[in-house]
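The first sequence begins at 6 in this note's numbering and counts up one residue at a time.
Cβ atoms here follow ideal geometry from the backbone N, Cα and C, with glycine treated the same way.
Taking it in order: structure first as structure tokens, then the write-up.
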Amino acid sequence: MPISMHEISEWYGEVVERAGLAEHSPVRGCMTIKPYGWALWENIQRPLDEAFKATGHQNAYFPLFIPLSFLAKEAQHVEGFAQECAVVTHYRIQTDSISKTVAPDPEAQLEEPLVVRPTSETIIWHAFKNWIHSYRDLPLLINQWANVVRWEKRPRLFLRTAEFLWQEGHTAHATAEEAMAEARQMLEIYADFVQRYLAIPVVKGRKTPTERFAGAVETFTIETLLIDGKALQAGTSHFLGQNFAKAFDVQFLNKENQLEYVWATSWGVSTRLIGATILSHGDEKGLVLPPYVAPIQIVVIPIWRNEEERTSVVEQAFTLAKALQQKGIRVKVDDDPQHRPGWKFNEWELRGVPIRVALGPRDLEAQTVELAWRHTGEKTTHPQDDLVRQAQSWLERIQVALYERAKARIDKQTYRVDSYPEMKEILESKGGFVLAHWDGTSETELAIKEETGATIRCIPLEAPLEEGTCVYTGRPSTQRVLFAKAY
RNA sequence: CGAGGCGUAGCGCAGCCCGGUAGCGCACCUGCUUUGGGAGCAGGGGGUCAGCGGUUCAAAUCCGCUCGCCUCGACCA
6 MPISMHEISE WYGEVVERAG LAEHSPVRGC MTIKPYGWAL WENIQRPLDE AFKATGHQNA
66 YFPLFIPLSF LAKEAQHVEG FAQECAVVTH YRIQTDSISK TVAPDPEAQL EEPLVVRPTS
126 ETIIWHAFKN WIHSYRDLPL LINQWANVVR WEKRPRLFLR TAEFLWQEGH TAHATAEEAM
186 AEARQMLEIY ADFVQRYLAI PVVKGRKTPT ERFAGAVETF TIETLLIDGK ALQAGTSHFL
246 GQNFAKAFDV QFLNKENQLE YVWATSWGVS TRLIGATILS HGDEKGLVLP PYVAPIQIVV
306 IPIWRNEEER TSVVEQAFTL AKALQQKGIR VKVDDDPQHR PGWKFNEWEL RGVPIRVALG
366 PRDLEAQTVE LAWRHTGEKT THPQDDLVRQ AQSWLERIQV ALYERAKARI DKQTYRVDSY
426 PEMKEILESK GGFVLAHWDG TSETELAIKE ETGATIRCIP LEAPLEEGTC VYTGRPSTQR
486 VLFAKAY
């Protein structure tokens, strides 16, 4: 594993590009997601989508463009996003055949500029006003899969791109309790997905007021720690109170025939999860993908010395692959004659395939295969029958092993700290999660951020209450909070 | 937006200081031999040297301006 943060950011960019996940596009901050990266995203989308539907949500789609005035309807919301909005001002371009230039046609200026959605609360709440009239219309549980644009100043592939893909859930409820329960439920769904499918341990918590989503009353988050010691917010779920209902005047008649504003939530995870996966499990050879989401779970590499061997080895490779496929395993036979086995070994390791199967003349003779485990590098020889029979459980075992390995890493990078100098020293030298007491004020939080670069990632939900004194001011505190430098 | 670095073939780079035929590795095409950890040999194709302007007989090279990219900061739900 690379050591310094600087090395890791170079390693990261190189892995993303060389593994064929994505590449930079002509537009700064925007990326082209390549087939392998897209396949990974599809494997992330599918189980999430199923989980949303299993809890009563329905998919819908709302427009990419939002009238500028909509954003302004919720004061905190617009303030939170104003700095990073792309705006459409014209609907036609002018061409000049002589100078061969094109430019927006000044005659074709929009009366009201359109914001390219940075998130869809406003356009969705505009629609919800017409969808909600009675308590019988509630709860309204909507999700959309979409792209959004936030004009980030310092983009990074997957982790922070100007355009990114995500899902955003938007729900409306009759009571605050119900909306809060929804926000908590979605947090649990995210935590469960990220831990089980991506094998990434997370800390569930609440955001402090400073870190809260613009327009939310309460923001819940799952936070993880990447291999370079920096924290990443992997998903968020917001209790929006009645802020958007009031801004967009969405009221319903309750059973007593009285008008009430609805209570809301919104929640989302994005293609950032791909970045989190890369930076949770990767090593010096490249990607290490968790089997549940790996586009290819097993790659079979036939090895031959002559045409005759090639025919029989490739045939057996496809026979094995078919048997594995029938067990529901995503498998690829790499019989490309362009490259030799050694090249393929390196290539599929770079691309993070969990199990590699090598099949050569020796194996054909002995009815065996050579297996190589991506996450440990270990190589073993097994009867071909075992492969087919046990592959599924091997993949399960790798999935668990990756989680446990990441958990052990994060535990090791998590420090309980009671003195401010110690906290500063840790954050500066090695990064990581720092659990420390905090007096609960934004002033202290900002001062610590100013001096150390670290922010409060969350107030953990499952941490025990514990009497203590603020690491910065010495004032009383009842719980440790999680500090870290973040992406 | 600040600080550093960099723009030369698809990718990675040398050449620039000291002006004079645009090169190397990988990739690509053809052929043969190879194939259990990134194959070898031979032949071949591919360039507005980021752009614009200046100096000069002559500019990838010197000077000026512009644009873009990367890393680190600031910013970021």
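Item to complete: Classify Met6 as helix, strand or coil using the three-state DSSP reduction.
Response: Low per-residue confidence applies at Met6: pLDDT is 45, beneath 50, and the placement is therefore not dependable enough to give any value.
Discussion item. Which residue marks the beginning of the beta strand (DSSP E) containing Glu375, and which one marks its end?
Written reply: Thr373 to Trp378
Discussion item. Considering Cα atoms alone, identify which of Gln389, Arg379, Leu355 and Gly382 is closest to Glu370.
Written reply: Gln389
Discussion item. I'd like to know whether the C-beta atoms of Leu440 and Arg485 end up nearer to each other than 8 Å.
Written reply: yes
Discussion item. So within the stretch 215 to 284, which uninterrupted beta strand (DSSP E) runs reach at least 3 residues, ignoring any that extend past its ends?
Written reply: 223 to 230, 236 to 246, 256 to 258, 264 to 266 and 268 to 275
Worksheet item: What residue ranges within the stretch 429 to 471 form continuous alpha helix (DSSP H) runs of no fewer than 4 residues, ordered along the chain?
Response: 447 to 457
Fill in: Per-residue DSSP class, three states only, for Trp309
coil
Worksheet item: When the Cα atoms are used, what is the spatial distance from Gly436 to Leu203?
Response: 23 Å
Item to complete: Grab the span of the alpha helix (DSSP H) containing Val405 for me, first residue to last.
Response: Gln389 to Lys417
Worksheet entry | For Asp101, the three-state DSSP class (helix, strand or coil) | strand
Practice prompt. Would you mind reading off the limits of the beta strand (DSSP E) that contains Gln484?
Written response: From DSSP, Gln484 is part of no beta strand (DSSP E); its letter is neither H nor E.
Discussion item. Assuming Thr176 is part of the beta strand (DSSP E), what are its boundary residues?
Written reply: Glu168 to His178
Worksheet entry | Closest by C-alpha distance to Glu157, when choosing among Thr166, Val93 and Trp150 | Thr166
Item to complete: May I have the straight-line CA-CA distance separating Glu448 from Gly382, to the nearest angstrom?
Response: 49 Å
Discussion item. Buried or exposed, going by whether 16 or more other CB atoms sit within 10 Å of the CB of Lys212?
Written reply: buried
Fill in: Nonlocal neighbours in the same chain, by C-beta distance under 7 Å from Ser317, ignoring five residues either side
Leu369
Worksheet item: Does the Cβ of Ile415 have 16 or more other Cβ atoms within 10 Å, making it buried, or fewer, making it exposed?
Response: buried
Worksheet item: What does DSSP give as the partner residues of Lys337 in its beta bridges?
Response: Val304
Fill in: Rounded distance between the beta-carbons of Ala236 and Arg51, thought under 8 Å
That belief does not hold up - the Cβ atoms of Arg51 and Ala236 are roughly 27 Å apart, past 8 Å.
Discussion item. Would His178 and Ser271 be called neighbours here (beta carbons separated by less than 8 Å)?
Written reply: no
Worksheet entry | Candidates Asp197, Asn259, Val83 and Tyr297, of which the one nearest Val274 by Cα | Asp197
Practice prompt. Inspect the CB distances between the stretch 218 to 233 and the stretch 470 to 480 and report whether three or more fall short of 8 Å.
Written response: no
Worksheet item: Would you say Thr215 and Leu451 are within 8 Å of each other, going by their C-beta atoms?
Response: yes
Worksheet item: Would the stretch 50 to 64 and the stretch 78 to 85 be scored as touching if the rule is three or more Cβ pairs under 8 Å?
Response: no
Worksheet item: How about the stretch 138 to 158 and the stretch 179 to 191: do they share at least three Cβ pairs that are nearer than 8 Å?
Response: yes
Item to complete: May I have the straight-line CA-CA distance separating Asp54 from Gln190, to the nearest angstrom?
Response: 15 Å
Fill in: Residue of Gln256, Gly42, Pro111 and Cys35 minimising C-alpha distance to Ile283
Gly42
Item to complete: Apply the 10 Å Cβ neighbour rule to Pro426 and answer buried if 16 or more other Cβ atoms are within range, or exposed otherwise.
Response: exposed
Discussion item. So the candidates are Gln172, Ala250, Glu354 and Leu487; which of them puts its Cα closest to the Cα of Thr241?
Written reply: Gln172
Discussion item. Do Arg480 and Asp444 have their beta-carbon atoms positioned less than 8 Å apart in this structure?
Written reply: yes
Practice prompt. Starting from Lys384, follow its DSSP beta bridges and name the residues at the other end.
Written response: Ala377
Fill in: Residue interval of the alpha helix (DSSP H) (run including Val199)
Ala181 to Arg201
Worksheet item: Comparing alpha-carbon positions, which option in Arg394, Arg356 and Val374 lies nearest Gly333?
Response: Arg394
Worksheet item: Below 8 Å between beta carbons: does that hold for Ile360 and Trp309?
Response: no
Practice prompt. Just grab the DSSP bridge partners of Thr504 for me.
Written response: Residue 504 cannot be examined here, being either before or after the span of the chain that is shown, 6 to 492.
Discussion item. If contacts are defined as beta-carbon pairs under 8 Å, then Val3 and Ile98 qualify, I think. What distance do you get, rounded to the angstrom?
Written reply: Residue 3 lies beyond the stretch modelled for the chain, which goes from 6 to 492, so this question has no answer here.
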